[in-house]
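Before any comments, here is the structure.
Residue numbers (my numbering): 10 to 442.
Set out below in structure tokens:
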């Protein structure tokens with residue numbers, strides 16, 4: 010006979026008091042904003058996000074404490090169904106069929122518009138509602154809420170869809186190169202041997218596959234990355250590194266800059282800066298057109314676009330800032346060394362800096378960091394056989410790349426989950442910190 014699980018009562022009350030305190034602190038911070046909505050790209054916005062995460066983290070601890078252990082484990086195992094339901098809702102176009110602020114739509118209306126089975130839609134929406142995505146304010150009428158409204162953003166919708174469509178196939182093949190191999194859980198540092206290659210039946214690494222084989226998936230991936238880095242999922246680099254200190258006319262070379270999501274914000278908030286975005290030719294052509302359609306000359310005129318192979322000779326010499334934002338995380342150590350060397354060759358000892366903006370595995374208590382980063386870490390192993398790196402592991406790569414140029418880490422600027430490593434040539438570099 011099974012024994013009823015009962016959590017420790019004293020621990021339950023202590024945790025409840027802790028949650029109440031965190032909520033009071035969050036409410037006080039909101040009141041300090043005088044009812045104004047705070048932009049997540051501001052320091053105040055980041056403080057609010059950090060405190061909101063603290064509240065949510067304590068609530069998750071409480072949920073884990075009071076849940077029956079077997080039920081907790083089964084819920085974790087079944088959690089993929091939430092992703093399936095959300096992806097199906099996106100593919101059916103349900104978010105666009107519900108008018109924001111309207112009276113809502115009925116199940117029969119959704120079935121008519123999507124040509125889908127009402128029984129299927131009902132179950133898809135039920136799972137979404139249980140995750141607080143969409144709402145049912147009145148019986149039989151589906152409405153948007155603050156969560157589902159985000160799906161109307163094209164880039165963010167692409168991110169959510171990508172997370173399911175690509176990562177589902179990776180999950181089916183777990184983390185292993187071959188599900189039959191006796192050493193299937195031993196990872197290689199070769200990206201062509203990652204689970205991605207097995208799942209997509211290719212010998213090409215992920216990015217080459219996106220650029221040359223499944224270009225539509227590649228375009229969706231570019232939109233997804235814009236959706237990720239344009240939102241509060243990642244602390245903006247301008248809140249980590251002091252770009253205000255750069256003189257007028259300073260040039261930033263954003264290597265692997267994608268759709269320009271970093272430099273657009275930087276040139277908007279720092280009028281003394283101009284930028285050059287370098288990426289694969291298939292990315293650049295689409296990104297340049299999108300930016301020209303979306304922004305005025307005050308932004309478009311200060312951004313130049315260049316097709317560039319990260320591992321080839323860097324054509325721009327003596328720039329003020331060379332930026333690798335979430336680029337090294339996609340590459341093994343050998344390729345990282347090659348990339349950094351090509352930049353070091355053209356740096357001006359008097360002024361050039363190389364900024365590595367990446368997820369740095371800084372010391373933290375388990376359960377205290379962002380869960381998203383832990384999930385991303387596992388995804389990167391399955392996609393590219395890459396692990397997140399500690400500060401000392403980055404230093405090892407930098408030391409190998411330094412060569413005769415004397416490149417060294419000058420300072421680490423920590424952010425929320427990510428960090429900026431500032432590199433200088435030895436003649437301009439003080440002690441590391």
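C-beta: ideal position from N, C-alpha, C; glycine also.
Just so we're clear, the structure is a prediction, and the values are computed from it rather than from any experiment.
Anticipated Cβ contact below 8 Å, residue i with residue j, distance rounded
i           : j           : result
residue 104 : residue 157 : 6 Å
residue 165 : residue 236 : 4 Å
residue 287 : residue 256 : With a Cβ gap of about 22 Å, residue 287 and residue 256 do not count as contacting.
residue 149 : residue 115 : 6 Å
residue 90  : residue 136 : 6 Å
residue 113 : residue 152 : 4 Å
residue 230 : residue 218 : Incorrect: roughly 10 Å between the Cβ atoms, too far for contact.
residue 335 : residue 366 : 7 Å
residue 35  : residue 72  : Contact doesn't hold; Cβ gap of about 18 Å is too wide.
residue 398 : residue 370 : 6 Å
residue 337 : residue 261 : So it is not a contact: roughly 17 Å between Cβ atoms.
residue 393 : residue 215 : 6 Å
residue 142 : residue 172 : Actually they are not in contact, since the Cβ atoms of residue 142 and residue 172 sit about 14 Å apart, beyond 8 Å.
residue 419 : residue 431 : 5 Å
residue 354 : residue 330 : About 16 Å; that fails the 8 Å criterion.
residue 68  : residue 53  : No, residue 68 and residue 53 are not in contact; Cβ-Cβ is about 23 Å, not under 8 Å.
residue 414 : residue 434 : 6 Å
residue 391 : residue 233 : Rounded, the Cβ-Cβ distance is 16 Å, inconsistent with contact.
residue 271 : residue 293 : 15 Å between Cβ atoms; not a contact.
Cross-strand partners of residue i (DSSP beta bridge)
i           : result
residue 411 : Its beta-bridge partners do not exist; DSSP assigns none.
residue 152 : 144
residue 416 : 434
residue 421 : 430
residue 264 : 287
Under the three-state DSSP convention, the category residue i falls into
i           : result
residue 326 : coil
residue 130 : helix
residue 331 : strand
residue 125 : coil
residue 185 : Residue placement at residue 185 cannot be trusted, given a pLDDT of 49 that sits under 50; what the coordinates show is reported in the next sentence. Coil at residue 185, not helix or strand.
residue 312 : strand
residue 321 : coil
residue 115 : strand
residue 99  : helix
residue 85  : helix
residue 201 : helix
residue 25  : helix
residue 12  : coil
residue 77  : coil
residue 206 : helix
residue 109 : coil
residue 339 : helix
residue 304 : coil
residue 42  : coil
residue 92  : helix
residue 17  : coil
residue 51  : coil
residue 162 : coil
Proximity test, Cβ basis, 8 Å: residue i and chain B
i           : result
residue 435 : Looking at the structure shown, chain B is missing, and only one protein chain is on hand.
Entirely enclosed alpha helix (DSSP H) segments - the segment 350–409, minimum 4 residues: 380–393
Segments of 4+ residues assigned as alpha helix (DSSP H) that fall wholly inside the segment 210–262: Taking only runs of at least 4 residues, the alpha helix (DSSP H) segments lying wholly in the segment 210–262 are 215–221, 224–238.
Unbroken stretches of the alpha helix (DSSP H), 4 residues or longer, contained in the segment 270–294: 270–278
Say whether the segment 293–305 touches the segment 324–337, bearing in mind that this needs 3 or more beta-carbon pairs closer than 8 Å, one atom from each stretch. Touching, no.
Do the segment 307–317 and the segment 262–279 touch if we need at least three Cβ pairs shorter than 8 Å? yes
Three or more C-beta pairs under 8 Å: does that hold for the segment 409–423 against the segment 345–359? yes
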